[in-house]
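Novice: Dumping the structure here so I can ask a few things about it.
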């Protein structure tokens, strides 16, 4: 199957790291296409950035539909544009916050999210609520690292994340750590070894969930809330997004 | 004070109707600027349309900041881009679903939403949950009218809405009707008279709430979740949206 | 329009302070009538006091109906008798806890209440739950000040309140402070300047909400839970309260 | 032990029926004192009536304290003044809605309330929420009988209640019926036989719960939310209620 | 009436202590039969132990039915097998966590549970949720004592429990302590005197609730979720459990 | 990897059907071991049956640990013994209700469960609540078929299930059907074709989730609520279950 992993920010070094994490767990026969959109913010650190990452995501979905993609990962912990993407795609679409929280709920009785900036913690709480995982989520913790700092593979950055994870373990009484940024994906294994606890990266979980749904013959229901968009004109800069795209 | 009412779809006849409803209740001294964005969908009838209405909304906010606007109404019942807009604006920003539900909670013990298409009902339920109004919202009902059908001022359309309101009154046991589309704003008075019950249009409520906050000296908190976006480059089609816009 | 602000305790100095706060924000053309009931507790610091403040409130509503009052504020943070008052009045009735929490929800993503005595904190939590604001309310904090201590305009009292607000800011991670007692209303501006954060006084918000509802032509629904009381005899001391009052 | 059963309305025939139901289940050695207050509404059918029944209840508590009463039942399904009464009494105070819902939760997985008037149903839903019984309460159903109609022991009235109970059984899928008015207490046995299902009357349950708490040495905690009221002056008609009463 | 108190672990010294606590509060005419099952774990300190205590409990129910038992107490704070036992018994069945939490809700506005091991705290939280008592439960605290350590009547053990209770009082702001293990039942009085706060032991409460239900003529509804099990063959070691047992 | 699928009832024909469904979706390299326990009920149709299916499940876990099993499916829609099994196993354990509901949440915005007997519907509601899926679950519907009737591959049985599914589609407004019994697993494909909607069988989903977790290196956390049971003696019939089993 063909899985497109969309890193909604336009930082290609991060996209490559994310692609690597995805490929590491992909089944034989799964092709991973990791992309950044052709438009949008360099990093996603606010509701503003998040909202403006969505057109680029939807363009990638549209291209993916033409390329025969079977499923999509939205690789930003705010799961931006998830429901819009579900409407636009034939195959299933999974966000990495969604994926990580589901996995955490299968293997532990509680988790804390460790993410980048304090100002984005509210989004994680909102998603935990939306996905029915609020009762498992004990805390959302910020390392106060800008997203793009994660591009550097420095020991200092890793230690700062590890320290926040340790605080989560000691203060929150949790079973698992959920990494709250796609840019942390490649440190997942290392953190597990350092901490001796389940550390969950949503990118790799999302890939396995898509493979699972594919094998099970399950895809987004097209009857209800997530039916294809209705055709209509779009204007101005966004004229090319008129549904159906590229028609 | 200067209030900008943003109709997130690009249908100007609807924008004019919305502007009229806003002006009808505005205090002397309040200037109402009713606009449609220069980009985006002709109507909002899906998560896809909603997501793609947000760049246009944010552009209008940005222009509004330069024009000295003191507060904004997002005049689409899905409250698209509300939190992103709050980050970008100096003054308060209010969505019409938010406004209508708050008003309903002050004057009745329950309400039903009457909206356009079945496929958008899930969004209204989600907003009721998000705003803490889930316990008051008894039902979300669709008239199965496309949004742009509301542009016509035909008696037939009005009757279809009135019929659904009557079903809400008889079957849902409610105190008030919340109109689930900005395009219904100008029928609000007529429906009240036909039905003999509170009928609430979010556009006019939002205007009064903005005037109230203005008079009270209250505006969106800039310390926490809704601080101004962090400056950063944007690329491609969306390059002009790089924060701070127009700099 | 005519707004009656009812301070449910019988302390007239506090009533005057409350009236002042109300007049400060009232629109031209709004007449503010600030009263204390002719019966009841000197201050409200328990469920017992609260329950026994309600007959006086209802008497004031009854007098207000005869005087042509268009809307009522119940100016005690427990919102005593709110639903009974809604039944008895033609125009809308708003409690100051309700008003303050609604305002807080429009401009921030979280708030803490700062109130007088620890023993009343449970009431505030209950109201946050009842109004659907539980998810925004991070803490209810007591300054351990008796209500009537607020009558003194001493710097010491102000500082004690400001100190508790500062603790809320540092420990609760909130966007706004909600003042948990009508007696704090006149310190609202001063606290905003001292703290550099939104400080919300329910008295002034309630006035603006009543003006807004009035302008919008919205009032308490008289069909459902808050229909006028059924006529019937009352006996003993409370005989004069038999509905309809004064008939 | 001495239990005072307070029927908050001033209808003595109903008080006698309620007293009878209480005595029927009281343990040997339990003295039941059934009273109506000396002031207040003839029946409780609105928030207005409910609020104005509270002074009379609190007066009865005060008299009860002087008489050596060990526990109190508030025999109206809205549980009026429950928390105020708990503050004023040495011994425990139990409301009949509270009692009935607790009992229902011990013997079945769901219940419906069958009460008098539609306009009071909202109160029952609110109490179910407040007591943590919302997940068990499937419906609140009104027979559209005025409260005082229950004084007549007519077969017609009984049949109307029984019919509504039957609808509850068939349509709500429930295990037990909770009688939503103290005035129905004496039909409890008859309804059980007619319907072949658990029918729960809160008056008798409350008596047994008080006896149980008494035997267990448990009473309302006087440290926290329900500590004795603070002493202070009261004015006007309510001057005699100044705490401590009668001092 | 005949009440069987089932201590689900096989430690008879603890069973005797539990029986003693039950007899201390039982009404004249109530016969208390305190038993440990003939099979199962020596103590219950995990989900594994809890699950495997259930067959023994159900065997005791079955024997009790033959012996004419009128009601059952499941005397382990996890309330193991409660719903299965309700299906199998003619009379009501009450768990001690359920009983203690209900009692706590009648006399205070919040409680903390003080239990044995940290790993069982999740179960208590789950039960608080299930019984609708989550809003009252402020904390679940472990003394880190193995269950069987409670068999010793040493002052050291008592002090460790008392210390944890004191921390609950000071840090959790609660009205009552709920003892989170049947093995603590006989220290209930002593702890009340040491701490000056309501301390609630579920064993004694459950006995009084059963007596109350008995007197009220109320028992588990046999129409719905807790109807008698359907007859069917069982195999292997558990063949004797085939319903109806002993037939 | 080695996956053991435990059908908790002792009906081997059903076990074979379940094994077949599991193998149909298993990845190459996954070995499916489908078993019924050596003890317990012929079918699970009550809390009583469910509780008594757990010892057999735990015995199979214990045997599986010796056999090198990497993950377990509990193939009964009540997910009996799930947390006890998680404590006892090295690898992850997944219940089919849990699996099916998670899958439904990834591809649709709502689902109804279609199950066998009305009396088990309460269990499904409880699990939806427990797993945080209550907001997606619109209904739990019974076909009033005994579990073992599903062993027959008759068209009549299939049609009865399909009819209930059709009612769910028309009356509940849902996106997906969740099959509420492992015995329905092999009709999943046929029902999808008949109904044109997502039909989800938890057995196959659970297999894919286990494979996913295995590939991701994630397993039940052994630090917290689901640590291995504490060693201790067991007595009577259940003596062989003393942890660690077989030691």
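Protein chains in written order, with my numbering: chain A, 1 to 247; chain B, 1 to 247; chain C, 1 to 247; chain D, 1 to 247; chain E, 1 to 247; chain F, 1 to 247.
Note that beta-carbon positions come from the ideal geometry of N, C-alpha and C, so glycine has one too.
Which first and last residues belong to the beta strand (DSSP E) in which residue 154/C is found?
Specialist: Unbroken run through residue 154/C: none, as it is neither H nor E.
Novice: Quick check: the Cα distance between residue 190/F and residue 177/B, rounded to an integer number of angstroms?
Specialist: Between residue 190/F and residue 177/B, the C-alpha separation is close to 43 Å.
Novice: Using 8 Å for Cβ pairs, my map puts residue 200/D next to residue 179/D. What's the rounded Cβ distance?
Specialist: Sure, about 7 Å apart at Cβ, within 8 Å.
Novice: Looking at the C-beta of residue 119/D, does it have a partner C-beta in chain C at a distance below 7 Å?
Specialist: Residue 119/D counts as touching chain C.
Novice: How many Å lie between residue 65/E and residue 211/E at the Cα?
Specialist: Answer to the nearest angstrom: the Cα atoms are 17 Å apart.
Novice: Using CA atoms only, rank isn't needed, just tell me which of 52/A, 28/A and 30/A is closest to residue 236/B.
Specialist: When only C-alpha atoms are compared, the closest one is 52/A.
Novice: Which residue wins for smallest C-alpha separation from residue 34/C, given the options 225/C, 26/C, 43/C and 3/C?
Specialist: Checking every option, the nearest Cα to that of residue 34/C belongs to 3/C.
Novice: Among 218/A, 230/A and 202/A, which residue has its Cα nearest to the Cα of residue 95/A?
Specialist: Checked all of 218/A, 230/A and 202/A; the closest Cα to residue 95/A is 202/A.
Novice: Mind checking if residue 237/B is an interface residue toward chain A, Cβ cutoff 7 Å exclusive?
Specialist: Yes, contact with chain A.
Novice: Under 8 Å: do the stretch 128-137 of chain C and the stretch 100-112 of chain C share three or more Cβ pairs, one atom per stretch?
Specialist: With the cut-off at 8 Å, the stretch 128-137 of chain C and the stretch 100-112 of chain C touch.
Novice: Look up residue 31/B in the DSSP assignment and say whether it is helix, strand or coil.
Specialist: Strand.
Novice: Between the stretch 181-196 of chain F and chain A, which residues of the former have a C-beta closer than 7 Å to a C-beta of the latter?
Specialist: So nothing in the stretch comes that close.
Novice: From residue 230/B to residue 207/B, what distance separates their C-alpha atoms?
Specialist: Going by the C-alpha atoms only, they are around 29 Å apart.
Novice: Note the first and the last residue of the continuous alpha helix (DSSP H) segment covering residue 192/D.
Specialist: First-last of the alpha helix (DSSP H) with residue 192/D: 188-195.
Novice: Please return the same chain residues whose Cβ sits closer than 8 Å to the Cβ of residue 173/C, not counting the five positions on each side in sequence.
Specialist: If we look at residue 173/C and ignore the five residues flanking it on each side, its Cβ neighbours are 110 and 138.
Novice: For chain F, is any of its Cβ atoms less than 7 Å away from the one on residue 172/A?
Specialist: No, residue 172/A does not count as interfacial toward chain F.
Novice: Who are residue 114/A's beta bridge partners in DSSP?
Specialist: Its beta-bridge partners are 141/A and 179/A.
Novice: Between residue 47/B and the rest of its own chain, which residues show a CB-CB distance below 8 Å, the 5 nearest in sequence each way excluded?
Specialist: Once the five neighbours on either side are set aside, the close Cβ partners of residue 47/B are 123.
Novice: In the stretch 104-117 of chain B, which residues sit with their C-beta less than 9 Å from some C-beta in chain A, listed in chain order?
Specialist: Under the 9 Å Cβ criterion, the stretch 104-117 of chain B contributes 117.
Novice: Could you pull out every residue in the same chain whose Cβ sits closer than 7 Å to the Cβ of residue 149/A, ignoring the five residues on either side in sequence?
Specialist: If we look at residue 149/A and ignore the five residues flanking it on each side, its Cβ neighbours are 157.
Novice: How would you list, in chain order, the residues of chain E whose beta-carbon sits under 8 Å from the beta-carbon of residue 133/D?
Specialist: Within chain E, the residues near residue 133/D are 132.
Novice: What is the C-beta distance between residue 220/E and residue 86/E, in whole angstroms, given that I count them as a contact (C-beta under 8 Å)?
Specialist: 5 Å between Cβ atoms; contact.
Novice: Mind checking if residue 20/D is an interface residue toward chain C, Cβ cutoff 7 Å exclusive?
Specialist: Chain C, which has no Cβ nearer than 7 Å to the Cβ of residue 20/D, makes this no.
Novice: Less than 7 Å between the beta carbons of residue 21/F and residue 185/F, yes or no?
Specialist: It is a contact, given that the beta carbons lie within the stated cut-off.
Novice: Using the rule of at least 16 other Cβ atoms within 10 Å of the residue's Cβ for burial, across every protein chain shown, is residue 9/C buried or exposed?
Specialist: Residue 9/C is buried by the Cβ-count criterion.
Novice: Find the residues of chain D that neighbour residue 27/E, judging by a C-beta separation of less than 8 Å, and give them in chain order.
Specialist: Correct list: 27 and 215.
Novice: My output table needs one value for residue 37/B: the three-state DSSP class, helix, strand or coil.
Specialist: Correct three-state label for residue 37/B: coil.
Novice: To the nearest angstrom, how far is the alpha carbon of residue 240/A from that of residue 56/A?
Specialist: Going by the C-alpha atoms only, they are around 12 Å apart.
Novice: How big is the Cα-Cα spacing for residue 238/E and residue 238/F?
Specialist: For residue 238/E and residue 238/F, the distance between alpha carbons rounds to 10 Å.
Novice: Please classify residue 144/A: is it buried, with 16 or more other beta-carbons within 10 angstroms of its beta-carbon, or exposed?
Specialist: By the neighbour-count rule (16 or more Cβ atoms within 10 Å), residue 144/A is not buried but exposed.
Novice: Give, in chain order, every residue of the stretch 38-63 of chain B whose Cβ lies closer than 8 Å to some Cβ of chain A.
Specialist: If the cut-off is 8 Å between Cβ atoms, the stretch 38-63 of chain B has 38, 39, 40, 41, 42, 43, 45, 46, 47, 48, 49, 50, 51, 52, 54, 55, 56 and 58 near chain A.
Novice: If we cut at 7 Å on Cβ distances, does residue 208/B have a partner in chain C?
Specialist: Interface residue, yes.
Novice: Could you check whether residue 61/D and residue 100/D sit closer than 7 Å to each other, using their CB atoms as the reference points?
Specialist: No.
Novice: Please report how far the alpha carbon of residue 125/D lies from the alpha carbon of residue 116/D, in whole angstroms.
Specialist: When rounded, the distance between both Cα atoms is 14 Å.
Novice: Taking the continuous beta strand (DSSP E) assigned at residue 74/E, which residues delimit it?
Specialist: That run of the beta strand (DSSP E) goes 71-74.
Novice: What do you get for residue 28/E, buried or exposed, if any count of 16 or more other CB atoms within 10 angstroms of its CB means buried?
Specialist: Exposed: under 16 other Cβ atoms inside 10 Å.
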